[in-house]
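With positions in the sequence shown counted from 1, the corresponding number in our numbering is that position plus 39. We put the beta carbon where it would ideally sit given N, CA and C, even for glycine. Quick caveat, the model's predicted, so the values are computed rather than measured. Have a look at the structure below, then the notes.
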Amino acid sequence: MVIGHYDCGVQNVDPKSMIEKMLLRGVTHEDLERIEHSDVNIDEWLKGFEDPADSVRETLEIIKTHPLIPGDVDCSGYLMDPVTGRIDVLEE
Ligand SMILES: [Zn+2]
């Protein structure tokens, strides 16, 4: 089960300001370079999402196509409203 939620703090995260905050908290430029040299695109990794439903669907796609997750594993996706507790079914 992948359960996202509306009004998520990760929505519209800006990689640039996130990296600035990391640097202020003691992460070094060398640390960032080391990560980039291990084939991680930090901007891509830190970018948020516009629509939480898209994010849940993307996560489901990763799970369904991951080579280490057996194909017969059941996957389902939902979105929760953090105020009312309502659950919307995206994929079952
Ligand atoms: Zn969230």
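> In chain order, which alpha helix (DSSP H) runs of at least 4 residues are fully inside the region 43-80?
Replying inline: 54-63, 68-76
> How would you write the range of the alpha helix (DSSP H) that isoleucine 102 sits in, first residue to last?
Replying inline: 91-104
>> Using a Cβ-Cβ cutoff of less than 8 Å, which residues in the same chain neighbour isoleucine 42 once the five nearest sequence positions on both sides are dropped?
In response: Val95, Gly116, Tyr117, Leu118, Met119, Ile126
> Going by DSSP, which residues form a beta bridge with valine 41?
Replying inline: Gly116
>> Among Leu129, Pro121, Ile102, Met57, whose alpha-carbon lies nearest the alpha-carbon of tryptophan 84?
In response: Met57
> Any residues whose CB sits closer than 6 Å to a heavy atom of ligand 1? List them in chain order?
Replying inline: His44, Cys47, Gly48, Val49
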